[in-house]
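Numbering-wise, UniProt numbering puts 6 at position 6 of the sequence shown, and it's gapless, one number per residue.
No residue lacks a Cβ here, since even glycine has one placed at the ideal position from N, Cα and C.
All of these numbers come straight from a predicted model, not from anything done at the bench.
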Amino acid sequence: KFNKADADLKHLTLRLERQLDIGKGNTDQENPVRLMKEIDGVKAEYTNLRQEMAGIQAAQKDAVDFLRSQLLSMSEMVQKLETQTGQRNPELEETSRVMLTELSQLMGVPIEALQAPSGSAASNTAQSEQEESEGATASITASESVTKATNSVSAEAAEQPAVEPSAAERRESSSEFVEVSAEEFASVSELIRGRSKLEDVNRTYSLLWDHFKVQDNTKDLTPKDMNTMGLRVSGATGQAKLKVLRALKLCKIDKAGNVNLV
1 KFNKADADLK HLTLRLERQL DIGKGNTDQE NPVRLMKEID GVKAEYTNLR
51 QEMAGIQAAQ KDAVDFLRSQ LLSMSEMVQK LETQTGQRNP ELEETSRVML
101 TELSQLMGVP IEALQAPSGS AASNTAQSEQ EESEGATASI TASESVTKAT
151 NSVSAEAAEQ PAVEPSAAER RESSSEFVEV SAEEFASVSE LIRGRSKLED
201 VNRTYSLLWD HFKVQDNTKD LTPKDMNTMG LRVSGATGQA KLKVLRALKL
251 CKIDKAGNVN LV
């Protein structure tokens, strides 16, 4: 679409220049009123093209931001999987690397800028391999100590409270409303969060939950409906609240801006 808009703009420019050249060469056609109308027409078409290009840029930015968030989540899940299993998965690593490269080329930024703040998968893998090597070296000496300490550790573990499940885990196992946690909010890219705040995101999520889950409504909410409900989803900050929920897979947004919970 960018190429088409650029070609249309060049076409308008050439047409105006050609018409002006014809007017200079033929005094019978030198009509200031007609030329002004032609210029106004070109200006109107140019304005429409600019608006179309601005819309395309905004849509592309939203798409790229969403893809970046999903790729970062994927990279983190791959790292977590490798940590839990103690094994590398070259296929998943390669898929993640290729997707990051494609997104880097699309955005025109280095791959390092797209990776999670905690570091790249490669550095985490190298650190994991180093730790495994050190652990293997000390395993013989440590085995005796581990055997002696087993009973003591088991007793202490029994006294400790159970690990608190994450918000996502509680949400999966319950039909009740569970707020977005600070950890979830921080996991969303700053490009998507914008200036939105966690409390505002949770207020929006709570109102959507009440509308769809408590009141059992199924029809998508339009931007006008949401503003009537007091959700304040207009403007960049308002839209950011919904995009955070979408990035966390808590809601879906169609091309018209209509919203429904997942």
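Alpha carbon of residue i to alpha carbon of residue j, nearest angstrom
| i | j | result |
| --- | --- | --- |
| Lys243 | Glu45 | 33 Å |
| Ala236 | Gln60 | 15 Å |
| Asn89 | Leu103 | 21 Å |
| Thr47 | Glu183 | 44 Å |
| Lys43 | Asp62 | 29 Å |
| Glu52 | Asn31 | 32 Å |
| residue 278 | Gln79 | Because the chain here runs from 1 to 262, residue 278 falls outside it and cannot be looked at. |
| Thr218 | Gln84 | 39 Å |
| Thr228 | Arg34 | 48 Å |
| Pro165 | Ser175 | 15 Å |
| Leu250 | Ser173 | 15 Å |
| Gly230 | Lys37 | 46 Å |
| Gln87 | Asp200 | 40 Å |
| Ala58 | Leu248 | 21 Å |
| Met226 | Glu82 | 42 Å |
| Ser196 | Thr222 | 20 Å |
| Glu169 | Ala54 | 40 Å |
| Glu94 | Gln70 | 16 Å |
| Val214 | Val163 | 30 Å |
Whole-number beta carbon distance between residue j and residue i, since they are thought to touch under 8 Å
| i | j | result |
| --- | --- | --- |
| Ala167 | Ser181 | 4 Å |
| Arg246 | Lys255 | With a Cβ gap of about 13 Å, Arg246 and Lys255 do not count as contacting. |
| Leu191 | Arg50 | In fact, because the Cβ distance is near 24 Å, the residues do not count as touching under 8 Å. |
| Lys224 | Val233 | Not quite, the Cβ-Cβ distance comes to about 10 Å (not below 8 Å), so this is no contact. |
| Ser189 | Leu72 | 7 Å |
| Phe185 | Leu198 | 5 Å |
Beta-carbon proximity list for residue i, same chain, < 8 Å, skipping 5 on both sides
| i | result |
| --- | --- |
| Ala220 | Before going further, note that residue 220 is Asp rather than Ala in the sequence given. So the qualifying residues of the chain are Asp254, Asn258, Val259 and Asn260. |
| Trp209 | Phe177 and Leu261 |
| Gly41 | none |
| Glu179 | Ala167, Asn202, Tyr205 and Ser206 |
| Val98 | none |
| Gly119 | Residue placement at Gly119 is flagged as unreliable, the pLDDT there being 44, under the threshold of 50; the coordinate-derived value follows with that caveat. Contacts found: none. |
Residue closest to residue i, alpha-carbon to alpha-carbon, out of the options
| i | options | result |
| --- | --- | --- |
| Leu100 | Thr83, Leu81 and Phe66 | Phe66 |
| Asn202 | Thr222, Ser173, Gly238 and Glu38 | Gly238 |
Cβ shell of residue i (< 7 Å), same chain only, five flanking positions each side left out
| i | result |
| --- | --- |
| Pro110 | Ser104 |
| Gly194 | Ala236, Thr237 and Ala240 |
| Met74 | Ser96 |
| Leu92 | Val78 |
| Arg171 | Val178 |
Same chain only: Cβ atoms within 6 Å of residue i, ignoring 5 sequence neighbours per side
| i | result |
| --- | --- |
| Ile39 | none |
Which ranges would you report for the alpha helix (DSSP H) in the segment 40-89 if only whole runs of at least 4 residues count?
none
Considering only residues of the segment 196-226, which uninterrupted beta strand (DSSP E) runs meet the minimum length of 3 residues and lie entirely inside it, listed in chain order?
none
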